[in-house]
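Participant: Numbering (UniProt numbering), first residue to last: 1 to 237.
(1) Is the stretch 128-137 close to the stretch 104-118, with three or more CB pairs under 8 Å?
(2) From what residue to what residue does the beta strand (DSSP E) around residue 106 run?
(3) Which of the three DSSP states is assigned to residue 207 in this structure?
(4) How long is the line joining the alpha carbons of residue 3 and residue 92, rounded to whole angstroms?
(5) Should residue 80 and residue 140 be called a contact, given that it needs their Cβ atoms to be closer than 8 Å?
(6) In whole angstroms, what is the alpha-carbon distance linking residue 39 and residue 5?
(7) Do you know offhand how far residue 75's Cα is from residue 123's?
(8) Which residues share a DSSP beta bridge with residue 12?
(9) Roughly how many angstroms lie between the CA atoms of residue 192 and residue 220, to the nearest whole one?
(10) Is the beta carbon of residue 109 sitting closer than 8 Å to the one on residue 77?
(11) What are the start and end residues of the beta strand (DSSP E) that includes residue 31?
(12) Compare the C-alpha of residue 104 against each of 90, 34, 30, 50 and name the closest.
(13) Using the beta-carbon count (16 or more within 10 Å), is residue 212 buried or exposed?
(14) Can you tell which of 100, 70, 71 has the C-alpha that lies nearest to the C-alpha of residue 82?
(15) Where do the ends of the alpha helix (DSSP H) carrying residue 120 lie?
(16) Going by DSSP in three states, residue 39 sits in which element: helix, strand or coil?
(17) Under three-state DSSP, which class holds residue 126?
(18) Reducing DSSP to helix, strand and coil, say where residue 135 ends up.
(19) Rounding to the nearest angstrom, what Cα-Cα distance links residue 202 and residue 218 in this structure?
(20) Find the nearest neighbour of residue 87 within the set 9, 206, 135, judged by alpha-carbon distance.
Written out as structure tokens, the structure reads:
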């Protein structure tokens, strides 16, 4: 929270108390920031939301300037709120309340805490007005998300497949265009199907049967010739 000093009465004021102090101190025109000693005339103090800390001011080179993640989130939240509040869709009767809320740098980001904060800071107790104010601030809490990258990723994944298929097609055309190559050579040989295999097996059986018949006929012819071998007599038991 930023603190100011009224140059008219030397009273230390929080930023959210300056407006109320201006009604009691009529000579309150110049304010000085307690941290950076910078002077602000009139309403220019409203843009002074953050300042150097006492540690940064007095420690000098020994100061550790690492930023707090919570402060970064809060600063981003306030900037989004200011952008949403400047839209023309904001109703006229809500603008004064929004401007008064923007004077604070600790606006909550949750609805329940936001409503309690608005009740205490603005003295608002109308549930409808609180809901309308939160609707404005909710846009800053849920910024528009980036378009989904799934279609882009799918297109990128399909691109190599299309490239590979195109390369295979061009290779096949190149092979057929070579001299001395015919369409029959370019086409792959087909493997025999189930019916062709059955015919091969039947043909082998026929060849074996014919070979056996030829061997039996040759043996009978040799036995019928004169001087040929006679069949052996069966042994007696």
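Virtual Cβ for every residue (Gly too), placed ideally from N, Cα, C.
Facilitator: According to the data block:
(1) yes
(2) Run containing residue 106: none; DSSP gives neither H nor E here.
(3) helix
(4) 30 Å
(5) Result yes, Cβ atoms of residue 80 and residue 140 sit closer than 8 Å.
(6) 9 Å
(7) 25 Å
(8) 5
(9) Model confidence at residue 192 stands at a pLDDT of 47, short of 50, so the residue's coordinates are unreliable and nothing is read from them.
(10) yes
(11) 30-33
(12) 50
(13) exposed
(14) 100
(15) 111-122
(16) Look at residue 39 here: in three-state DSSP terms it is strand.
(17) Residue state, collapsed to three classes: coil.
(18) helix
(19) 25 Å
(20) 135
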